[in-house]
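> Using the working numbering, you'd call the opening residue of the sequence shown number 354 and step up by one each time.
Beta carbons: idealized from backbone N, C-alpha and C, even for Gly.
Have a look at this one before I ask anything.
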Amino acid sequence: MDFIIVEKDVAPFVAVVRLNRPKELNALNLQLMGELRDSLEALDADDTVRAIIITGDRRAFAAGADIKQMSGKTATDMLIADQFSTWDRIKRTKKPIIAAVSGFALGGGCELAMTCDMIIASETAKFGQPEIKIGVMPGAGGTQRLTRAIGKAKAMELVLTGKFIDAKQAEAWGLVNRVVPEELYLEEAIKLASEIAAQSPIAVRLAKEAINHVAESHLNEGLHLERKNFYLLFATEDQTEGMNAFIEKRPPNFTGR
Ligand code: DAK
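Here's what the structure looks like:
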């Protein structure tokens with residue numbers, strides 16, 4: 354694997370999955386997502402693992418889906434690529450997953466953290482759904498999970514302006530479990546994972562399933578709507594303009610077409 358590093362036994366029954374594309378701030382390209390899916394699938398089937406941590410590096414958990422890879426895509430390309438099957442497989446992981454977040458968790462990066470079961474944040478963490486700034490909208494659960502986590506008004510503000518919130522704000526709004534100093538975020542996640550790994554794995558699995566049922570009932574309808582609208586945006590000029598402007602390092606000129 355090129356973009357994922359898996360470390361087992363960082364503590365008894367605890368594995369760490371590290372996103373490893375540091376120069377691109379761990380932007381989630383198709384290969385990285387495929388490798389992430391495959392590693393989680395393997396860890397889910399591995400009896401020596403009972404709790405999983407997903408992390409990035411100090412600068413970024415993940416700065417979103419890879420805009421350079423997405424920029425030329427049409428709605429049809431996006432439909433055919435069917436990246437959602439990868440995200441759906443990740444969501445089906447039965448073992449508990451903790452996101453250990455330092456630095457940027459933006460767009461798909463924030464959505465990946467929210468797909469995990471808990472989030473431990475470094476005090477340097479920054480969360481946001483900035484897709485609106487490149488002419489699209491969250492496409493991997495952001496409108497649904499963020500709204501469930503922090504409520505409609507605050508989710509509206511974040512999704513419609515694309516602005517970021519810092520770790521303290523994320524904690525106050527209920528997005529993350531807790532915030533710790535930067536040098537401790539992974540250690541704290543390992544501590545929490547170890548506490549969970551010491552419990553009955555079957556009870557943990559079934560409890561996770563039950564909690565997710567509350568958190569995610571009606572989610573599928575919401576996800577369906579979000580996906581349809583997300584694809585639709587790849588038929589707009591603003592999507593092309595927004596992504597090209599990012600790559601060309603200039604402000605976008607949106608026309609609403
Ligand atoms: N994609 C590609 N490259 C990225 C990137 C991204 N999302 N974020 C950063 N990079 C690259 C930069 O282009 C730069 O590359 P070089 O220019 O050095 O080649 C390098 O990483 C370092 O970034 P910066 O130079 O920009 O670093 P700064 O510290 O100045 O700024 C930043 C950091 C995070 C504020 C900035 O990089 C930024 O605004 N990044 C974009 C954030 C963003 O808009 N994220 C949302 C992307 S859209 C889907 C699932 C999910 C999604 C879509 C579909 N399906 C299942 C269908 C999700 C969509 C998104 O996430």
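Should F414 and A458 be called a contact, given that it needs their Cβ atoms to be closer than 7 Å?
Yes. Within cutoff.
> Does the ligand DAK have even one heavy atom less than 6 Å from the beta-carbon of P375?
False, no ligand heavy atom lies under 6 Å from that Cβ.
> Where does V454 fall in DSSP's three states?
Residue state, collapsed to three classes: strand.
> Please find out if some non-hydrogen atom of the ligand DAK comes closer than 6 Å to the beta-carbon of D419.
For the ligand DAK, at least one heavy atom lies less than 6 Å from the Cβ of D419.
> What first and last residue would you give for the alpha helix (DSSP H) that runs through M471?
Counting along the chain, M471 falls outside any alpha helix (DSSP H), though it belongs to the beta strand (DSSP E) covering 471-475.
> Nearer than 6 Å: is that true of the beta carbon of Q497 relative to any heavy atom of the ligand DAK?
No.
> In the DSSP assignment, what are the bridge partners of K479?
DSSP, once it has assigned bridges, lists F457, D519 as partnering K479.
> My output table needs one value for A368: the three-state DSSP class, helix, strand or coil.
The answer is strand: DSSP assigns A368 an E or B state.
> Near Q497, which residues of its chain fall below 8 Å by C-beta distance, leaving aside the five closest residues on each side in sequence?
Cβ neighbours of Q497 beyond the five flanking positions: L572, G575, L576, E579.
> What residue from P449, A556, E377, D430 has the CA that sits closest to V370's CA?
The residue with the shortest Cα to Cα distance from V370 is P449.
> Quick check: what's the CA-CA separation for A434 versus S392?
Whole-angstrom Cα-Cα distance: 20 Å.
> Whether or not the region 553-571 and the region 471-489 are in contact is what I'm after, with contact meaning three or more pairs of Cβ atoms, one per stretch, closer than 8 Å; do they touch?
No: the two stretches stay apart, fewer than three of their Cβ pairs being nearer than 8 Å.
> If we ignore side chains and look at the alpha-carbon of each, how far apart do E524 and Q422 end up?
Those two C-alpha atoms are separated by around 32 Å.
> Just to check, is the beta-carbon of G595 closer than 6 Å to a non-hydrogen atom of the ligand DAK?
Outside the cutoff, so no.
> What do you reckon, is the C-beta of W440 under 6 Å from a heavy atom of the ligand DAK?
Yes, Cβ of W440 sits closer than 6 Å to a heavy atom of the ligand DAK.
> Exposed or buried, M509, counting other C-beta atoms within 10 Å across all chains shown (16 or more means buried)?
Under this definition M509 is an exposed residue.
> Between L372 and P365, what straight-line distance do the alpha-carbon atoms span, to the nearest angstrom?
C-alpha separation (whole angstroms): 21 Å.
> From the DSSP secondary-structure annotation, give me the bridge partner or partners of A418.
Bridge partners of A418: L381.
> Using DSSP's beta-bridge definition, name the partner residues of I358.
For I358, which the question treats as bridged, DSSP gives the partners R371.
> Over the uninterrupted alpha helix (DSSP H) stretch that includes R531, give me the two end residues.
Careful: R531 lies outside any alpha helix (DSSP H), inside the beta strand (DSSP E) at 531-533.
> Could you check which residue in K447, F437, V512 has the C-alpha nearest to that of F480?
Of K447, F437, V512, the residue nearest in Cα terms is V512.
> Is T408 helix, strand or coil by DSSP?
Correct three-state label for T408: strand.
> Along the chain, where does the alpha helix (DSSP H) containing E569 start, and where does it finish?
Run containing E569: 554-569, per the alpha helix (DSSP H) assignment.
> Could you give the C-beta distance for A453 and T408, rounded to a whole number, given that I count them as a contact under 8 Å?
Right, the Cβ-Cβ distance comes to about 4 Å (below 8 Å), so this counts as a contact.
> With distances taken Cα to Cα, identify the nearest neighbour of G461 among N565, L383, A563.
Ranking the options by Cα distance to G461, first place goes to L383.
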